[in-house]
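Below: the structure, in structure tokens.
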């Protein structure tokens, strides 16, 4: 049977020898040398052992009465155990406590004794990317600043440090440093520097950054510091070691904090939006996600220096893809050490910044690409109208004005005269997937001739009103605009966007529609906001003209003052009355005085109405 030990002394315990009781009888002296029961057992027999029960308060002994064991007792006990474990024979005592030869509670032989309660605990410092450390001296308010700093500098000599943001809080003083080695040295001199009152200086060092708050006051201070760092000739701003600027010595303004960097972007946008070069060297930058806003703040930025920072990976530059950079400096960053091959390094940078021609102060060959230069091939700005031949401007303007004047009136019957006997007309409709069911164009789907959707010939023929005549001399007109669906008992009448393509041909002394295509869509928010802002004014603008090109002349009837018959005059009077809200008598008078020129009549009415020169009786209807 193996040796057995336990916590309950004298009860069913076994000594070193097999089969021998711990208490073998009177006069048994087989105790360990540290056992304290030898004298006690001489006066009594083991078989007569009686337990003594007492409810008295603790008066000595081993932790009776629930009193806490002092730190000194624990330490002495551990030292005794270790001495026994390392004594002659090397085995120690193993019959009384399980695992005793390894020390207290399984502690390894030779391991250091746990620290005394109250002994200072120094948390290990971490050399993070920011590199800021807070140094605090409790009860430092009793001593002069020069005395504390001189004592600390002498204690860690030859190392030096630069204290920043000195502050006194209650009875403690604190400041911040940027040197990791100096921070470790200051942590080691804790309670080693003597003070005039005989005490030791307590020095607490931990990772930490000064507190800050981004507000308008901080932005104003940053603006004043940037003024002297900006070169208006080269449009360059130097923010190297920005937090060490003398004008910012009393506030924490480190650009590696995203909130502070975004505030700097706002200051640059508001004051120097045409900035082309920016120097951010030595600012301990390591997070660049917020740099995705830089392209919107400074769209003309071409040169960016970011040397001697803490940028870890080349993928950190993904947030700057929108910048049109041609030069960048990334020397002294960990990302460059990760890529040993210079060719791979250049390739990775150009994947994210394809226009780079200078990298780390080294000229690069021009990039090989298939992109068309944007500056040389910009699309022309949109015009209100475009005519291949300016000679047709009067015809187009007059025809469209007359057409839509009648179209927007309450009576569209006169439009029958505007269409050819064999005119063709079709309509296309498109429902955007992102629009809700209320915005869908269900009413127009029965007339939809969208060739992407209508594949069978019968449907295509049914939705196209076809004529038998070939297309003779013609003019093609394309008009886009917005109209409002007029519905009864509907407060918010829907707006629709349309595009109409009209083919007009000569008819008598004028023109008529030979073919028409209509496309209808829901109006955008911008179109709704701009629609019908000034319905009384004429929205027709002078058309843009194209450069002269060789054209095949199309025989068109010469433009002469039209001879208006009585039926047409009646229609024009009705249209003028609907447009101007005047009665028929004054509408006829307006047309007669402008020689039945509907455009001139509308313009004259608009100008006189603005000047309040039209008498009230013109708007009285019988």
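Residue numbers (this note's numbering): 512 to 1133. Ideal Cβ positions, reconstructed from N, Cα and C, are used throughout, including at glycine.
Checklist entry - So which of 767, 714 and 781 has the shortest CA-CA distance to residue 738? => result Measuring from the Cα of residue 738, the nearest candidate turns out to be 781.
Item to check | Rounded separation between residue 495 and residue 1018 - CA only | outcome: Outside the shown range of the chain (512 to 1133) lies residue 495, about which nothing can therefore be said.
Checklist entry - Where in the region 675-744 do unbroken runs of the beta strand (DSSP E), each at least 3 residues long, occur, reported from the N-terminal end onward? => result 675-680, 683-688 and 715-718
Item to check | Presumed contact (8 Å Cβ cut-off) between residue 936 and residue 976, rounded CB distance | outcome: Going by Cβ atoms, the distance from residue 936 to residue 976 rounds to 5 Å, so yes, they are a contact pair.
Item to check | Beta bridge counterpart(s) of residue 462 as assigned by DSSP | outcome: Nothing about residue 462 can be reported from this structure: the residues present for the chain run from 512 to 1133 only.
Item to check | CA nearest to the CA of residue 499, picked from 985, 986 and 941 | outcome: Limits of the chain in this structure are 512 at one end and 1133 at the other, which puts residue 499 out of reach.
Checklist entry - Starting from residue 647 and walking both ways along the beta strand (DSSP E), at which residues does that stretch end? => result Per DSSP, residue 647 belongs to the beta strand (DSSP E) from 644-648.
Next on the checklist: Using CA atoms only, rank isn't needed, just tell me which of 790, 748 and 824 is closest to residue 784.
Outcome noted: Looking only at 790, 748 and 824, the smallest Cα-Cα distance to residue 784 is reached by 748.
Checklist entry - In or out: residue 1088 buried (at least 16 other Cβ within 10 Å) or exposed? => result buried
Checklist entry - Hey, how far is the Cα of residue 690 from the Cα of residue 645? => result 11 Å
Item to check | Nearest candidate by alpha-carbon position, reference residue 721, set 703, 675 and 706 | outcome: 675
Checklist entry - Which first and last residues belong to the beta strand (DSSP E) in which residue 747 is found? => result 747-749
Checklist entry - Which one of 867, 852 and 854 has the shortest CA to CA distance from residue 833? => result 867
Checklist entry - Leaving out the 5 sequence neighbours to the left and right, which residues in its chain are closer than 7 Å to residue 667 when beta-carbon positions are compared? => result 693, 696, 697 and 700
Checklist entry - Looking only at its own chain, which residues have a Cβ that is under 6 Å from the Cβ of residue 703, when we skip the five neighbours before and after it? => result none
Checklist entry - Under a Cβ-count criterion, where at least 16 other Cβ atoms within 10 Å of its own Cβ denotes burial, should residue 753 be classed as buried or exposed? => result With at least 16 other beta carbons inside 10 angstroms of its own, residue 753 counts as buried.
Checklist entry - Under the DSSP definition of a beta bridge, which residues are partnered with residue 874? => result 869
Checklist entry - In chain order, what residues of the same chain have a beta carbon less than 6 Å from the beta carbon of residue 678, not counting five sequence neighbours either side? => result 685
Next on the checklist: Looking only at its chain, what residues have a beta carbon closer than 6 Å to the beta carbon of residue 539, apart from the 5 residues adjacent to it on each side?
Outcome noted: Any reading at residue 539 must be qualified, since the residue scores a pLDDT of 47, below 50, and its modelled position is unreliable; no value is offered.
Checklist entry - Mapping DSSP to helix, strand and coil, what is residue 850? => result Three-state result, residue 850: coil.
Checklist entry - Quick one: Cα of residue 1034 to Cα of residue 943, how far? => result Spanning the two alpha carbons is a distance of roughly 12 Å.
Checklist entry - Can you give the beta carbon distance from residue 824 to residue 846, rounded, assuming they're within the 8 Å contact cut? => result 5 Å
Item to check | Span of the alpha helix (DSSP H) around residue 1017 | outcome: That residue, residue 1017, is in no alpha helix (DSSP H); its beta strand (DSSP E) goes 1006-1018.
Item to check | 8 Å contact criterion, which residue 733 and residue 774 should meet: CB distance rounded | outcome: 7 Å
Checklist entry - Using the C-alpha atoms, what's the distance from residue 917 back to residue 1136? => result No answer is possible for residue 1136: it lies beyond the span of the chain, which begins at 512 and ends at 1133.
Item to check | Same chain only: Cβ atoms within 8 Å of residue 1101, ignoring 5 sequence neighbours per side | outcome: 1087, 1091, 1093, 1112, 1115 and 1116
Checklist entry - What are the start and end residues of the alpha helix (DSSP H) that includes residue 665? => result 656-667
Next on the checklist: Rounded to whole angstroms, what is the Cα-Cα separation between residue 817 and residue 728?
Outcome noted: 27 Å
Next on the checklist: Just to confirm, is the Cβ distance from residue 830 to residue 800 under 7 Å?
Outcome noted: Judged by beta-carbon spacing, residue 800 lies within the 7 Å limit of residue 830, meaning their Cβ atoms are closer than that value.
Checklist entry - Three-state secondary structure (DSSP) at residue 824? => result Coil.
Checklist entry - If residue 1129 sits next to residue 1026, beta carbons under 8 Å apart, how far is it from one beta carbon to the other, in whole angstroms? => result At roughly 40 Å, the Cβ-Cβ gap does not stay under 8 Å, so residue 1129 and residue 1026 are not in contact.
Checklist entry - Between the Cα of residue 662 and the Cα atoms of 680, 649 and 706, which residue gives the shortest distance? => result Nearest C-alpha to residue 662: 706.
Checklist entry - What residues in its chain sit with their C-beta under 6 Å from that of residue 682, if we drop five residues either side in the sequence? => result 650 and 652
Checklist entry - Do the CB positions of residue 1029 and residue 1013 come within less than 7 Å of each other? => result no
Next on the checklist: Looking at the strands, I want to know which residues DSSP matches up with residue 993.
Outcome noted: 1008
Next on the checklist: Measuring only the C-alpha atoms, how far is residue 1062 from residue 899?
Outcome noted: At residue 1062, the pLDDT of 37 sits below 50, so the modelled position is not reliable; the number obtained from the coordinates is stated separately. Going from the Cα of residue 1062 to the Cα of residue 899 covers about 9 Å.
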